[in-house]
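Asker: Sharing a structure with you now.
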Amino acid sequence: MVNMMPTQRRQAILAEVRKASAVSAEDLAGMFGVSVETIRRDLRGLRDQGLLELVYGGALSVQSTEGTFAVRSTTHHERKRALAALAASLVQPQDTIIIDIGTTALEVARALPADFCGRVLTNSVPVAMELSARDEIELLLSGGQVRAGDAACYGAQADAFFAQVFADKAFLGSGGVHAEAGLTDYYPHEVATRRVMIAHAGASYVLADSSKLGKVAVHRVCALAQVTAIVTNADNSNIAAEAAKALAAADCDILRAPVLETTPQQPG
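Sequential numbering of the sequence shown, starting at 723, is according to the working numbering.
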């Protein structure tokens with residue numbers, strides 16, 4: 723696929739991204755016989771049209787991003803509900819809190835106590851929608867560019883919003899939590915917003931079900947010393963135990979929620 727006009731090349735790139743769900747810039751450059759920088763410009767142009775999502779080293783199709791959020795909403799659901807209930811129990815009735823993006827953060831919004839009548843600052847459209855019926859809560863949505871799938875607000879407007887406020891507590895999403903790498907995630911724009919949240923909260927709690935412990939995503943948010951604690955679920959697996967041991971050795975506070983896994987009843 724060489725000697726294509728830029729418009730034709732972008733159409734062909736979009737077809738490849740949709741077909742594979744995720745592609746690297748290097749692979750596309752080899753496929754179309756152009757430089758990686760040319761491909762990056764093409765990808766940025768397609769991103770600006772809302773046709774794909776940029777990630778480190780390549781791109782994801784918008785459809786796959788939406789599907790990922792839907793899948794994550796049901797993956798480890800009992801774990802997320804358990805740790806969300808624990809996180810929500812930390813909230814005082816008149817607190818000002820930040821609730822970040824993601825499926826676990828959405829569960830925190832759902833778990834907020836009935837007597838909570840404080841203020842919620844969020845960059846998550848789903849969180850805002852979940853809490854919009856609660857008249858007793860003062861709800862502020864950051865605004866900004868909205869990422870497809872997660873309906874997450876990001877960019878300069880979101881960063882400026884959180885830079886102008888102060889919260890008692892922040893409940894943060896995560897792509898991975900690692901003893902040495904710290905808190906990490908996948909989308910650089912959202913990483914920048916998360917750093918502002920941490921700087922403007924009295925206490926910062928990272929929401930991470932046990933599958934994220936010991937994992938490292940592409941972009942570093944901060945060292946673990948910059949957050950108050952990791953809120954996770956109890957998990958007796960060897961992998962989770964080793965990850966938790968490493969985090970504890972790094973002087974990271976871990977709050978564990980018990981999980982009542984639902985299992986099918988055996989016939990008697």
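Don't be surprised by glycine CBs; every beta carbon is placed ideally from N, CA and C.
Between the beta-carbon of tyrosine 876 and the beta-carbon of glutamine 886, is there less than 8 Å?
Answerer: Cβ distance not < 8 Å, so tyrosine 876 and glutamine 886 don't count as in contact.
Asker: Is it the case that the region 887 to 905 contacts the region 814 to 832, given that we only count it when at least three CB pairs across the two stretches are under 8 Å?
Answerer: Judged by Cβ distances under 8 Å, the region 814 to 832 makes contact with the region 887 to 905, as three or more pairs qualify.
Asker: Should arginine 832 be labelled buried (16 or more other beta-carbon atoms within 10 Å of its own) or exposed?
Answerer: Arginine 832 is exposed by the Cβ-count criterion.
Asker: Sort Gly871, Ala874 and Ala945 by Cα distance to leucine 905 and report the nearest one.
Answerer: Comparing Cα positions, the closest option is Ala945.
Asker: Under a three-way DSSP split, which group does glycine 847 fall into?
Answerer: The question names glycine, yet the displayed sequence has valine at residue 847. Helix, per DSSP.
Asker: Using DSSP with H/G/I as helix, E/B as strand and the rest coil, what is cysteine 828?
Answerer: It should be noted that the sequence gives leucine, not cysteine, for residue 828. Helix, per DSSP.
Asker: Flag this pair as yes or no: are the beta carbons of threonine 992 and alanine 921 separated by less than 8 Å?
Answerer: For residue 992 there is no data in the structure shown, the boundaries of the chain being 723 and 990.
Asker: Please state the DSSP three-state secondary structure of serine 854.
Answerer: The answer is coil: DSSP assigns serine 854 none of H, G, I, E or B.
Asker: Closest to isoleucine 761 by CA distance: which of Pro728, Asp770 and Ala744 is it?
Answerer: Among Pro728, Asp770 and Ala744, the Cα nearest to that of isoleucine 761 is on Pro728.
Asker: Which first and last residues belong to the beta strand (DSSP E) in which alanine 925 is found?
Answerer: Where alanine 925 is concerned, the enclosing beta strand (DSSP E) stretches over 923 to 929.
Asker: Kindly indicate which three-state DSSP category aspartate 957 falls into: helix, strand or coil?
Answerer: Correct three-state label for aspartate 957: coil.
Asker: Flag this pair as yes or no: are the beta carbons of alanine 979 and alanine 807 separated by less than 8 Å?
Answerer: Contact flag set, yes.
Asker: Where does aspartate 907 fall in DSSP's three states?
Answerer: Three-state DSSP puts aspartate 907 in a strand.
Asker: What separation, rounded to the nearest whole angstrom, lies between the Cα atoms of arginine 794 and glycine 752?
Answerer: Only weak support is given to the placement of arginine 794: the predicted model assigns it a pLDDT of 49, under 50, and the value that follows is read from those uncertain coordinates. About 33 Å.
Asker: Which same chain residues, not among the five before or five after valine 745, have their C-beta less than 7 Å away from its C-beta?
Answerer: Around valine 745: Glu738, Val739, Gly780 and Ala781.
Asker: Relative to the C-alpha of lysine 708, which residue among Leu929, Cys974, Ala939 and Asn958 is closest?
Answerer: No information on residue 708 is available, as it lies outside the stretch 723 to 990 that the chain covers here.
Asker: What whole-angstrom Cβ distance do phenylalanine 884 and threonine 915 have, given they're in contact under 8 Å?
Answerer: About 7 Å; that satisfies the 8 Å criterion.
Asker: Quick check on this structure: which residue in Glu860, Thr825, Ile823 and Tyr908 has the alpha carbon closest to the alpha carbon of phenylalanine 838?
Answerer: Cα-wise, what sits closest to phenylalanine 838 is Glu860.
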